[in-house]
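Numbered per the working numbering, the sequence shown spans residues 1 to 478.
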Amino acid sequence: MMNVELLFAETPVFETERLILRQLDLSDLDAYFEFASDPVVSLHTLWDRHETIVDTESYLQSVVDKHKARQAFRWGIIYKPDQKLIGRTGFISWDLRHSHAEIGFAIGSEYWNKGIITEATEEIIRYGFEHLGLNRIEGRCNYNNTGSARVMEKLGMKLEGILRDQLKIKGTFMNQKLYSILKCDYETDDNEAPFSLLEADQRTYSTYFATYRKNIWFRPSWLFVHNMMLEACNCYWVIQNNQRIAGISIEDNTIGSLFIIPPCDTLSVDLVSFLRDYVLEISTDKNRVEAYNVLHEHMGAFKSVGFDLVSTRKCMIRPTEKISISALNEFISVRPEPEHLSKMVLLMEEAYRGGMEEEDLDTYRRDLTYYFEHNKQEHLVDASTVLIHRETNEIIGLCLVSLWEEIPLIYEIAVTPTYCNQGIGRHMLCKAIHHLESVYEVIRLFVTSGNKAEYLYSSVGFLSGEETSHLVYQGKEK
Numbered sequence: 001m002m003n004v005e006l007l008f009a010e011t012p013v014f015e016t017e018r019l020i021l022r023q024l025d026l027s028d029l030d031a032y033f034e035f036a037s038d039p040v041v042s043l044h045t046l047w048d049r050h051e052t053i054v055d056t057e058s059y060l061q062s063v064v065d066k067h068k069a070r071q072a073f074r075w076g077i078i079y080k081p082d083q084k085l086i087g088r089t090g091f092i093s094w095d096l097r098h099s100h101a102e103i104g105f106a107i108g109s110e111y112w113n114k115g116i117i118t119e120a121t122e123e124i125i126r127y128g129f130e131h132l133g134l135n136r137i138e139g140r141c142n143y144n145n146t147g148s149a150r151v152m153e154k155l156g157m158k159l160e161g162i163l164r165d166q167l168k169i170k171g172t173f174m175n176q177k178l179y180s181i182l183k184c185d186y187e188t189d190d191n192e193a194p195f196s197l198l199e200a201d202q203r204t205y206s207t208y209f210a211t212y213r214k215n216i217w218f219r220p221s222w223l224f225v226h227n228m229m230l231e232a233c234n235c236y237w238v239i240q241n242n243q244r245i246a247g248i249s250i251e252d253n254t255i256g257s258l259f260i261i262p263p264c265d266t267l268s269v270d271l272v273s274f275l276r277d278y279v280l281e282i283s284t285d286k287n288r289v290e291a292y293n294v295l296h297e298h299m300g301a302f303k304s305v306g307f308d309l310v311s312t313r314k315c316m317i318r319p320t321e322k323i324s325i326s327a328l329n330e331f332i333s334v335r336p337e338p339e340h341l342s343k344m345v346l347l348m349e350e351a352y353r354g355g356m357e358e359e360d361l362d363t364y365r366r367d368l369t370y371y372f373e374h375n376k377q378e379h380l381v382d383a384s385t386v387l388i389h390r391e392t393n394e395i396i397g398l399c400l401v402s403l404w405e406e407i408p409l410i411y412e413i414a415v416t417p418t419y420c421n422q423g424i425g426r427h428m429l430c431k432a433i434h435h436l437e438s439v440y441e442v443i444r445l446f447v448t449s450g451n452k453a454e455y456l457y458s459s460v461g462f463l464s465g466e467e468t469s470h471l472v473y474q475g476k477e478k
């Protein structure tokens, strides 16, 4: 059973390198109002902003009353460099019979991203397990409160699930994330070997990457992937217990192409949390991490530590062969030429408007300029198509073929919406498949998941590879 009598007999004060934690009381009125009245602090909290100092006085009186009734215990956080109260942490409720308690915390926004709440609440968790006899400590936060979620993850707490519409907060029913840590987790975490990063020798890294990273983009061979990775940079090993357990590329605010090394066979939430926190620490933007080329089986671990999905795509592949090409009598098929560029830009703007591939005109122009500068081989140009309407002379479709990693790639395909579902896309794809048969064995393309064109590609015989995703973490520690 939880030994709550010890807590009130000792009224413990804790001191860390930067902080003093002591009982919160009415003498903290002015300092507490200073951060509790900040609308930024209360944006994603379970409580409303303190509009007047009377609100703060009422709150602190409730803290004192719950303390007297032995229902809760909150510590004020004193930041030693400024000698002022800047936040609070503590047990906001408990169940004596079942030896569990709930933590809650808040801190002034100017002290976010300094690890202060984590440093303070670590002391509370330690005291709860080592002195009060707690078996379980839990915490909740709004589903969109990435800062508080990140703190609980750094404290070793595990996400148990989502409590749907659990609380009505500021007039709206809100989902709550429920985190917890058990005494056995706490004791295990104390003994668990930490992760570390080691800059990789590129030749060895290339060998491991070619072996353990799935070839989901249908690259030509193991040797091709190995030689390609010799040119890569910013590659690191993830080390635990003096063993390589994973490889990853890391740059400013970016991680990518993670792979796991046997005998390790799963990606843990703790490892993703470690990578996220490391990148935040070394990067210019302390609140954002982009994760690229995340494999489908790794998505759950990334989402558990606050990453959100941006987009998912896959590579598709098909053999080239001599196939029949349907006639399109209304249109003239010509080779793409640089003089078509302006009209091609307008076609892409119209074709992609409102869809998942939509970009601005400058992006379309830049992509097409790059295509013409880097794809001048006759067989690629001959396999490409610009379709022009015989009567209006307008460009109504385009299909551009490039060479990527020694294999042809559908660089761009677009059809004016007016002429969709008339077999034009199929016609252009079949022409590319047919014309390349004598030079290349296969052709590839990329498609964003959810794009309706994926049905067309499958119906023409393209095989889907596995999905990879782009995710982003964005949040502030509170």
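Beta carbons are placed, not taken as given, at the ideal position from N, Cα and C, and that holds for glycine.
Local Cβ density within 10 Å of residue i, reported as buried at 16 or more and exposed below that
i	result
SER324	exposed
GLU290	buried
ASN241	exposed
TYR127	buried
ASP450	Checking the displayed sequence, the identity of residue 450 turns out to be Gly instead of Asp. Flag for GLY450 reads exposed.
THR416	buried
GLN176	buried
CYS430	buried
ILE86	buried
ASN375	buried
ASP252	exposed
MET356	exposed
LEU132	buried
ILE332	exposed
SER148	buried
VAL310	exposed
PHE8	exposed
ARG88	buried
PRO194	exposed
ASN142	buried
TYR186	buried
THR52	exposed
Residue i vs residue j beta-carbon contact at 8 Å
i	j	result
ILE248	ILE239	no
THR320	GLU441	yes
PRO336	VAL381	yes
SER436	PHE462	In the sequence as presented, Ser is not what sits at residue 436; that position holds Leu. In this structure, PHE462 does not lie closer than 8 Å to LEU436 by Cβ.
TRP75	ILE137	no
GLU466	HIS296	yes
GLY171	SER326	no
VAL272	ALA301	yes
ALA414	VAL401	no
HIS434	LYS314	no
LEU347	LEU398	yes
THR56	TYR32	yes
Cα-Cα separation between residue i and residue j, rounded to whole angstroms
i	j	result
TRP237	SER268	15 Å
TYR205	ILE261	11 Å
ARG318	ASN421	22 Å
LYS478	GLY139	Below a pLDDT of 50, predicted positions are generally treated as unreliable, and LYS478, at 47, falls in that range; no measurement from the model is reported.
LEU403	TYR352	23 Å
CYS264	ARG22	44 Å
VAL472	TRP112	20 Å
THR468	ILE103	37 Å
ALA453	SER221	28 Å
SER283	THR16	27 Å
LYS286	TYR278	10 Å
GLN474	ASN145	10 Å
GLU406	CYS233	22 Å
ILE181	MET344	58 Å
ASP480	GLU350	For the chain, the structure presents residues 1 to 478; residue 480 sits outside this window and is missing.
SER464	ILE443	12 Å
LEU46	SER62	16 Å
MET228	ALA200	16 Å
ALA210	HIS389	47 Å
ILE78	LEU19	6 Å
ASN329	PHE224	43 Å
ALA432	GLN377	14 Å
GLU119	PRO81	15 Å
Minimum Cβ-Cβ distance from residue i to chain B less than 8 Å
i	result
LYS158	This model lacks chain B altogether, as it is built from one protein chain only.
Beta strand (DSSP E) runs contained entirely in the stretch 357–410, provided each spans 3 or more residues: Qualifying beta strand (DSSP E) stretches, in chain order: 385–389 and 395–404.
Within the stretch 168–244, ranges of the beta strand (DSSP E) (whole runs, at least 3 residues): Runs of the beta strand (DSSP E) inside the stretch 168–244: 172–182, 196–199 and 235–240.
Validate contact between the stretch 332–349 and the stretch 363–380 using beta carbons, cut 8 Å, 3 pairs: Contact annotation: the stretch 332–349 touches the stretch 363–380, with at least three C-beta pairs closer than 8 Å.
Cβ contact check for the stretch 1–14 and the stretch 27–43: 3 or more pairs under 8 Å: No, they do not touch.
Inter-stretch contact (C-beta, 8 Å, three-pair minimum) for the stretch 144–160 and the stretch 305–312: Yes, they touch.
Runs of alpha helix (DSSP H) lying entirely within the stretch 299–324, each at least 4 residues, in chain order: 299–304, all fully within the stretch 299–324.
Residue ranges of each beta strand (DSSP E) within the stretch 71–127, 3 or longer: With a minimum length of 3 residues, the unbroken runs of beta strand (DSSP E) contained wholly in the stretch 71–127 fall at 73–79, 84–95 and 100–107.
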